[in-house]
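One structure is given here, and the rest of the page talks about it.
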Amino acid sequence: MHDLVHDFARSILFDAVLDSGKKINIGVSSCRYGMLRDCSKPLELVTPSPAKIRALHFLGCGKIELHGVAFSSASCLRVLDLSGCSILRLPASIGQLKQLRYLNAPGMKNRMIPKCITKLSKLNFLSLCRSRAISALPESIGEIEGLMHLDLSGCSRLKELPKSFGKLRRLVHLNLSNCSRVKDVSEYICGLTNLEYLNLSVCRKIGFLPRTLGSLTELKYLNLSGCFGIKELPKSFQQLKNLVHLDLSCCNCVKDLSEALDGLAKLQYLNLSYCHHYGNQFRLRGLPEVIGNLTSLRHLHLSGFLDNIFGNQSGVMDKLLEIGYLNLSTFQGNIFQQLPPGQSHSFIECIGALSNLEHLNLSNNVSLYSVPESLGNLRKLHTLDLTGCIGLLWLPESISKIQSLKYVLMKDLLRLKSTLSCFNNGPILLPNFVVQAVDKKSSNLGQLLDANPAELDISSLENVKSTKEAKGIKLSGKRNIVKLKFDWTIGTKRYVEDMEVLRELVPPSTVKYFELRGYHSTSFPTWLMGIAHCLPNLVKIKIVDLSKCSILPLGQLPNLKQLVLGRMKSITKIDADFCGGARAFPQLKTFDIYSMERLQEWNTTYSCGEDGVTEFMFPNLQWLSISDCPNLVVKPLPPRVTWWKIEGGESVISSWGGSVHTGTSSSSCSVTNLVVKFCTLPLSQWSLLHHLPALRHLTIHWCADLTSSPEIIQDLHSLKSLSLDGNEQAELPDWLGDLPSLQELKITMYPALTELQEKIRQLMSLQSLTLSSCQMLTSLGEWFGSLTSLQELHISHCQRLNSFPEGMQYLTSLLSLHLSYCESISALPEWLGNLTSLKTLQIWECRGIKSLPESIEQLTMLEHLEISGCPELKQCVFGSAGRLEGVFTNLKLALQIQEHLGAICAAMSLPASQK
Numbered sequence: 001m002h003d004l005v006h007d008f009a010r011s012i013l014f015d016a017v018l019d020s021g022k023k024i025n026i027g028v029s030s031c032r033y034g035m036l037r038d039c040s041k042p043l044e045l046v047t048p049s050p051a052k053i054r055a056l057h058f059l060g061c062g063k064i065e066l067h068g069v070a071f072s073s074a075s076c077l078r079v080l081d082l083s084g085c086s087i088l089r090l091p092a093s094i095g096q097l098k099q100l101r102y103l104n105a106p107g108m109k110n111r112m113i114p115k116c117i118t119k120l121s122k123l124n125f126l127s128l129c130r131s132r133a134i135s136a137l138p139e140s141i142g143e144i145e146g147l148m149h150l151d152l153s154g155c156s157r158l159k160e161l162p163k164s165f166g167k168l169r170r171l172v173h174l175n176l177s178n179c180s181r182v183k184d185v186s187e188y189i190c191g192l193t194n195l196e197y198l199n200l201s202v203c204r205k206i207g208f209l210p211r212t213l214g215s216l217t218e219l220k221y222l223n224l225s226g227c228f229g230i231k232e233l234p235k236s237f238q239q240l241k242n243l244v245h246l247d248l249s250c251c252n253c254v255k256d257l258s259e260a261l262d263g264l265a266k267l268q269y270l271n272l273s274y275c276h277h278y279g280n281q282f283r284l285r286g287l288p289e290v291i292g293n294l295t296s297l298r299h300l301h302l303s304g305f306l307d308n309i310f311g312n313q314s315g316v317m318d319k320l321l322e323i324g325y326l327n328l329s330t331f332q333g334n335i336f337q338q339l340p341p342g343q344s345h346s347f348i349e350c351i352g353a354l355s356n357l358e359h360l361n362l363s364n365n366v367s368l369y370s371v372p373e374s375l376g377n378l379r380k381l382h383t384l385d386l387t388g389c390i391g392l393l394w395l396p397e398s399i400s401k402i403q404s405l406k407y408v409l410m411k412d413l414l415r416l417k418s419t420l421s422c423f424n425n426g427p428i429l430l431p432n433f434v435v436q437a438v439d440k441k442s443s444n445l446g447q448l449l450d451a452n453p454a455e456l457d458i459s460s461l462e463n464v465k466s467t468k469e470a471k472g473i474k475l476s477g478k479r480n481i482v483k484l485k486f487d488w489t490i491g492t493k494r495y496v497e498d499m500e501v502l503r504e505l506v507p508p509s510t511v512k513y514f515e516l517r518g519y520h521s522t523s524f525p526t527w528l529m530g531i532a533h534c535l536p537n538l539v540k541i542k543i544v545d546l547s548k549c550s551i552l553p554l555g556q557l558p559n560l561k562q563l564v565l566g567r568m569k570s571i572t573k574i575d576a577d578f579c580g581g582a583r584a585f586p587q588l589k590t591f592d593i594y595s596m597e598r599l600q601e602w603n604t605t606y607s608c609g610e611d612g613v614t615e616f617m618f619p620n621l622q623w624l625s626i627s628d629c630p631n632l633v634v635k636p637l638p639p640r641v642t643w644w645k646i647e648g649g650e651s652v653i654s655s656w657g658g659s660v661h662t663g664t665s666s667s668s669c670s671v672t673n674l675v676v677k678f679c680t681l682p683l684s685q686w687s688l689l690h691h692l693p694a695l696r697h698l699t700i701h702w703c704a705d706l707t708s709s710p711e712i713i714q715d716l717h718s719l720k721s722l723s724l725d726g727n728e729q730a731e732l733p734d735w736l737g738d739l740p741s742l743q744e745l746k747i748t749m750y751p752a753l754t755e756l757q758e759k760i761r762q763l764m765s766l767q768s769l770t771l772s773s774c775q776m777l778t779s780l781g782e783w784f785g786s787l788t789s790l791q792e793l794h795i796s797h798c799q800r801l802n803s804f805p806e807g808m809q810y811l812t813s814l815l816s817l818h819l820s821y822c823e824s825i826s827a828l829p830e831w832l833g834n835l836t837s838l839k840t841l842q843i844w845e846c847r848g849i850k851s852l853p854e855s856i857e858q859l860t861m862l863e864h865l866e867i868s869g870c871p872e873l874k875q876c877v878f879g880s881a882g883r884l885e886g887v888f889t890n891l892k893l894a895l896q897i898q899e900h901l902g903a904i905c906a907a908m909s910l911p912a913s914q915k
């Protein structure tokens with residue numbers, strides 16, 4: 001309707017509107033209204049009669065700096081809208097516009113506002129919102145006596161208001177939201193008795209509210225959300241009898257809410273979310289009764305509220321018959337906890353009596369196990385939000401019988417039983433919407449017309465019967481949507497060509513996460529080819545199972561941080577066409593490609609521009625994963641990335657030259673972490689390692705042949721961390737002792753390994769060693785004490801390891817020892833006390849250990865002792881309680897024993913400060 005009215009007005013005023021975007025403007029000398037696209041050129045260049053202009057609006061000038069000549073000659077100007085300009089500073093010539101009534105100048109980048117603006121005595125409307133650089137207002141701002149609307153929201157560096165501010169007595173609308181540094185607002189606002197709208201949200205330093213706040217008797221809208229400094233509402237608050245909208249969310253220090261809210265009979269919107277200061281619970285005790293008396297309420301937000309304030313007061317909601325929106329998300333406590341059969345929570349039960357309720361939000365109540373049958377009485381309910389109710393087990397059948405119910409939001413319902421069949425012909429279960437055929441001519445897609453969720457997943461799009469259906473849901477107007485997914489089922493019959501459907505499903509510009517699956521057409525519609533303009537806020541895009549598309553126009557997305565491509569059968573190479581021009585993928589941090597069997601080539605650099613400058617593709621990439629791309633060759637240089645995972649990609653690993661690259665290659669390659677999984681080639685053929693000079697961390701997962709060559713081992717000389725994860729060999733690789741810089745070694749899932757080879761003793765820099773799931777390992781080797789730099793030793797699931805070598809007592813640098821699931825160890829060695837640097841000792845599920853050695857008293861540096869799943873050790877603790885009491889008392893010792901913990905603590909007679 002708004003567009004129709006606008007078009008109608010334009011048609012009436014055709015001869016009076018100057019539009020610089022049109023090649024021909026009839027009667028430019030008589031134009032009174034202007035829409036200009038350049039805010040730097042003199043107005044005289046556009047019209048010979050600038051004095052006749054009454055209103056100017058600049059469009060699409062976001063990259064053009066504003067100059068005063070663009071408007072200064074319009075001496076009779078009433079309306080000036082600069083929202084489409086880049087405003088470095090507001091030109092001083094603004095003071096010449098003596099007839100100006102309306103000035104919209106958001107996002108100004110200068111610290112100061114010209115003083116001449118205060119000479120605009122006829123100004124009614126002034127917006128300087130989002131001008132984050134402004135640090136002060138003109139001292140004489142109070143001289144704009146006709147000002148009625150002032151918007152300073154987002155002026156985050158503004159620290160104080162000038163003394164003359166209180167003279168703006170005609171102000172009706174004042175917005176200071178997100179002026180987080182402004183102080184002493186209270187002393188000025190009480191004199192603004194005509195105020196109807198006051199927004200002070202996130203003004204954290206405003207301190208107290210004035211005692212005479214009640215003098216603002218015309219006030220209808222008041223937002224104090226996030227004003228942490230407010231301790232109480234003044235007694236005069238009750239005098240705000242015309243208040244319709246009140247937001248006190250996140251004001252968790254406010255006390256005496258009950259008294260302040262009592263009598264606000266016209267209140268329609270009340271937000272008390274996260275007003276739950278635990279220390280002041282007793283001050284909120286009368287609040288339920290007061291809320292129950294606010295009979296005009298339409299919207300009530302109690303998200304994050306303390307449930308014990310309400311207890312079982314079922315009468316809270318009885319009088320709130322006008323409530324249309326109720327938010328009870330993330331209640332603090334156990335108001336929704338499971339009760340025995342036959343019992344119910346009176347507070348939640350009484351919601352069923354709210355006959356006008358349209359939207360009920362119960363999201364993120366983890367202790368909500370069931371929804372009461374009484375909610376089936378909500379005959380006007382259209383949205384039920386159960387997102388994140390991870391404990392919810394079932395929904396009553398009565399919910400499916402609410403004929404008005406359109407949307408049930410059910411994301412992250414981990415335990416909900418499969419009792420949803422009753423919803424098949426009822427409401428839409430969001431965010432997952434399955435397109436189904438209604439009859440031969442239509443599907444159910446039209447049900448999404450009024451839906452506007454934050455997340456929307458539309459699957460089975462092959463069932464759409466016409467493009468009219470897709471266009472009819474008006475997807476581009478659903479500006480709440482942040483996550484959007486389109487999914488066609490592979491191998492199924494289509495009623496309409498995929499591209500024709502996708503052409504009509506233009507997403508809103510608010511989408512940040514977009515996923516496309518199963519699309520079967522060869523090309524994309526116009527909006528997707530120009531996705532950088534359509535979805536400028538896109539952060540993540542995932543494209544999977546597109547069998548025919550070979551061109552992806554994604555490089556120019558300015559905010560894209562994560563890209564996932566999978567099972568794209570027609571893509572054979574990634575090159576300059578993939579980028580779509582210079583400076584491609586400027587923000588991309590994560591790139592994941594998988595199951596691309598036909599992908600053969602990735603050129604990590606590309607030429608762009610007339611001079612052919614070479615650029616790195618993905619200049620800011622941090623995380624790269626390549627899985628199941630058996631034919632892929634990466635050239636000419638490794639990608640500029642920090643963390644790289646290669647799974648089943650033999651060509652990626654082996655297709656490099658044998659000699660180390662120099663110059664650009666060595667200086668640009670930044671790979672520090674490499675993970676290789678399921679590679680069938682021997683390590684000696686991993687020529688990629690020749691080109692990773694910055695490599696410090698290497699993980700090798702289930703790669704059977706670890707035979708290497710001197711050249712490869714030379715490439716690993718700077719390695720700091722090595723993880724050998726999964727191998728059937730009975731011995732560790734011979735080259736393991738040839739890594740002089742190695743500080744961390746992890747050996748996991750070596751089921752045939754029987755002992756550690758002596759070659760490991762050469763790792764003189766080793767500080768951390770992990771041995772896990774080496775089921776046949778029986779010995780660590782007598783040489784083990786040679787690892788004199790070792791600080792951490794972690795041994796787990798080594799079921800046959802039954803003792804420790806004597807040489808281990810010489811590990812005097814050892815700080816942490818962890819033993820778990822080593823069932824054959826029957827005792828800790830007496831020399832354990834020689835590990836004098838030990839600070840942490842953890843023993844888990846080693847049931848053969850029945851006592852602690854007496855030498856444990858020598859571990860004077862011990863800070864943390866943790867024993868779990870070792871039932872026999874309790875006898876040691878009980879028997880030695882008196883002997884160990886002095887040690888435990890004098891040290892910062894954490895003792896954790898699962899069995900009989902209470903009895904153990906009682907027996908030890910610890911001082912009160914340590915219990």
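Take the sequence shown: its position 668, counting from 1, is numbered 668 in the UniProt record's numbering, and each next residue is one higher.
Ideal placement from N, C-alpha and C gives every residue a C-beta, glycine not left out.
Bear in mind that the values here come from a model prediction, so they are computed numbers and not experimental data.
- Annotation: the continuous beta strand (DSSP E) that includes K485 extends over 483–487.
- Between the alpha carbons of P42 and L18 lies a distance of about 15 Å.
- Judged by DSSP secondary structure, D715 falls within the alpha helix (DSSP H) whose first and last residues are 710–715.
- Taking the Cα of D725 as reference, the smallest distance to any Cα among P234, L835, S773 is reached at S773.
- No Cβ-Cβ contact shorter than 9 Å links P553 with L588.
- Contact between L176 and L147 does not hold, since their C-beta atoms are separated by about 14 Å, which reaches or exceeds 8 Å.
- In the displayed model, Q729 falls within coil according to three-state DSSP, outside both helix and strand.
- Here the alpha carbons of R89 and K52 stand approximately 26 Å from one another.
- Straight through space, the alpha carbons of N480 and L294 are spaced by roughly 30 Å.
- Boundaries around L261 are those of the alpha helix (DSSP H), 257–261, since no beta strand (DSSP E) includes it.
- For G166, same chain residues with a beta-carbon under 6 Å away, outside a window of 5 residues either side, are Y188, G191 in chain order.
- Residue pairing by DSSP puts G566 in a beta bridge opposite V544, Y594.
- Taking the CA atoms as reference points, Y495 sits about 53 Å from L103.
- Sorting V438, K380, S93, E863 by C-alpha distance to the C-alpha of Y325 places K380 at the top.
- Collapsing the DSSP output to three states places E854 in a helix.
- Residue ranges of uninterrupted beta strand (DSSP E) with 3 or more members, entirely inside the UniProt domain "Disease resistance R13L4/SHOC-2-like LRR" (53–202) and ordered along the chain, are 55–58, 61–65, 79–81, 102–104, 125–127, 149–151, 173–175, 197–199.
- Rounded to the nearest angstrom, the Cβ distance from K839 to H864 is 7 Å, consistent with a contact under 8 Å.
- L248 is the residue among L219, E872, L248 whose C-alpha sits nearest the C-alpha of I230.
- DSSP lists no bridge partner for E650.
- G848 is positioned such that its CB atom lies no closer than 9 Å to that of E830.
- Membership of H533 in the alpha helix (DSSP H) is indicated by the continuous run 531–534.
- Under the three-state reduction of DSSP output, H520 falls in the coil class, being neither helix nor strand.
- H301 and S273 do touch by the CB rule: their CB atoms are close to 5 Å apart, below 8 Å.
- C669 has its alpha-carbon roughly 12 Å from the corresponding atom of P636.
- Residue range 397–400 is occupied by the alpha helix (DSSP H) that includes S400.
- In the DSSP annotation of this structure, the continuous segment of the alpha helix (DSSP H) that includes D498 starts and ends at 498–504.
- N834 and L815 have their C-alpha atoms some 12 Å from each other.
- With respect to the C-alpha of G304, the residue from R640, P138, N365 having the closest C-alpha is N365.
- The alpha-carbon of D151 is positioned some 11 Å away from that of V172.
- Q743 has its alpha-carbon roughly 41 Å from the corresponding atom of K512.
- Within its own chain, the residues whose Cβ lies closer than 6 Å to the Cβ of S855, once the five positions on either side in sequence are excluded, are E830, L832, G833, listed in chain order.
- For L445, the three-state secondary structure derived from DSSP is helix.
- Non-local C-beta neighbours of I390 in its own chain, meaning closer than 8 Å and more than five positions away in sequence, comprise V366, D412, L413, L414, R415, ordered along the chain.
- When secondary structure is reduced to three states using DSSP, K235 falls in the helix class.
- Between the alpha carbons of S140 and G214 lies a gap of roughly 27 Å.
- Here the alpha carbons of A437 and P693 stand approximately 58 Å from one another.
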